[in-house]
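Trainee:
Numbering (my numbering), first residue to last: 25 to 308.
1) Are the CB atoms of residue 196 and residue 165 nearer to each other than 8 Å?
2) Just the C-alpha distance for residue 63 and residue 48, rounded to the nearest angstrom, thanks.
3) Name the residue from 96, 307, 109, 264 whose alpha carbon lies nearest to the alpha carbon of residue 133.
4) Check this for me: beta carbons of residue 105 and residue 118, under 8 Å apart or not?
5) Should residue 39 be labelled buried (16 or more other beta-carbon atoms within 10 Å of its own) or exposed?
6) Tell me which same chain residues have a C-beta within less than 6 Å of the C-beta of residue 285, skipping the five on either side of it?
7) Tell me the residue span of the alpha helix (DSSP H) that contains residue 53.
8) Of the choices 41, 191, 255, whose alpha-carbon is the least far from that of residue 233?
9) Within a Cβ cutoff of 7 Å, which residues of the same chain sit near residue 99, ignoring the five residues on either side of it in sequence?
10) Short of 7 Å in beta carbon distance, which residues of its chain neighbour residue 152, apart from the five on each side in sequence? Order them along the chain.
11) Less than 8 Å between the C-beta atoms of residue 254 and residue 215, yes or no?
12) Does residue 295 pass the burial test, meaning 16 or more other C-beta atoms within 10 Å, or should it be called exposed?
13) Note down the Cα distance separating residue 290 from residue 176, rounded to an integer number of angstroms.
14) Indicate the three-state DSSP secondary structure (helix, strand or coil) for residue 130 in the structure shown.
15) What does the Cβ neighbour count give for residue 277, buried or exposed, with the cut at 16 atoms within 10 Å?
16) Write down every uninterrupted run of the alpha helix (DSSP H) in the segment 83–154 whose length is 4 residues or greater and which is fully enclosed by it, in chain order.
17) Pull up the distance between the alpha-carbon of residue 173 and that of residue 212, whole angstroms please.
18) What separation, rounded to the nearest whole angstrom, lies between the Cα atoms of residue 243 and residue 281?
19) Can residue 222 and residue 237 be called in contact, C-beta distance under 8 Å?
20) DSSP three-state call for residue 255: helix, strand or coil?
21) Leaving out five residues on either side along the sequence, give the residues of the same chain with a beta carbon under 6 Å from the beta carbon of residue 29.
22) Please tell me whether residue 77 and residue 35 are closer than 8 Å, where the distance is taken between their beta carbons.
23) Given a cut-off of 8 Å, decide if residue 65 and residue 58 are closer than it, judged by their beta-carbon atoms.
24) Which same chain residues, not among the five before or five after residue 69, have their C-beta less than 6 Å away from its C-beta?
25) In terms of residue numbering, what span does the alpha helix (DSSP H) encompassing residue 26 cover?
What follows is the structure, given as structure tokens:
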């Protein structure tokens, strides 16, 4: 479906008149050609049309494709296979991603294939191959600006990087990922990224780096939509760092874990409980 055809379908579903959507943007003959998919328009006019439709670019992308984000679906699929330790399923998904890359030359499919291969190595307790690591690391380093895609890619490949590379890529990311910090999805992914790095540092009992990443996480929360989950996680991390400093628990930790149950976040609560036991063991 052409862009104009999608716009026309959305306009009609909203019961909006063409004159109200295209006034001062397209002429009557141009409107007809545009909505039939026979002509295109400029980016400036396209965004004016979306604004008149009261539609965000993200919503338009979803509606025009009539499907959910394929990248998110792919990540969810291979994540499920990984946690189930289903090596056959992962091998099939890797092959599928490689084939899609050969068919389309879209680098994201090569990234998916590389991550899936690394996940298989992780399950099999094999060393992470340089080739697949380089595909992801080189791409992230060479990007002049980080957008949502780069944040997701980095977040999903954290476990594969040596600590010096992880710190270097994150330092690079901090320089490049401020342009879109008001976008909700961007904020959410940035919070997830820093949280996951902080979990790694807490597990290693690295107090200095835990404080460093905690400080960055705190800045992210203050710029976000103030969700209860994010503030609960921030407090949880702070209390874990307190254990590392003072070698003793605080009563707040039990209350925080109970909060996750109240929010119907049992999986998050279990993960946090597991991290708490690791920190306790490291500081017994």
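Cβ coordinates follow ideal geometry from the N, Cα and C atoms, glycine included.
Mentor: Quick look at the numbers:
1) For residue 196 and residue 165, yes; Cβs fall inside 8 Å.
2) 17 Å
3) 96
4) Not a contact, by the Cβ cut-off of 8 Å.
5) Flag for residue 39 reads exposed.
6) 293
7) Per DSSP, the continuous alpha helix (DSSP H) segment holding residue 53 begins and ends at 52–59.
8) 191
9) 180
10) 142, 145, 184
11) Yes, Cβ-Cβ distance for residue 254 and residue 215 is below 8 Å.
12) exposed
13) Each residue's CA atom was taken as its position, placing residue 290 and residue 176 some 23 Å apart.
14) Coil, per DSSP.
15) buried
16) 94–107, 111–128, 131–147
17) 13 Å
18) 23 Å
19) Cβ atoms of residue 222 and residue 237: closer than 8 Å.
20) Helix at residue 255.
21) 61
22) yes
23) Taking C-beta atoms as the reference points, residue 58 and residue 65 count as a pair closer than 8 Å.
24) 49
25) Unbroken run through residue 26: none, as it is neither H nor E.
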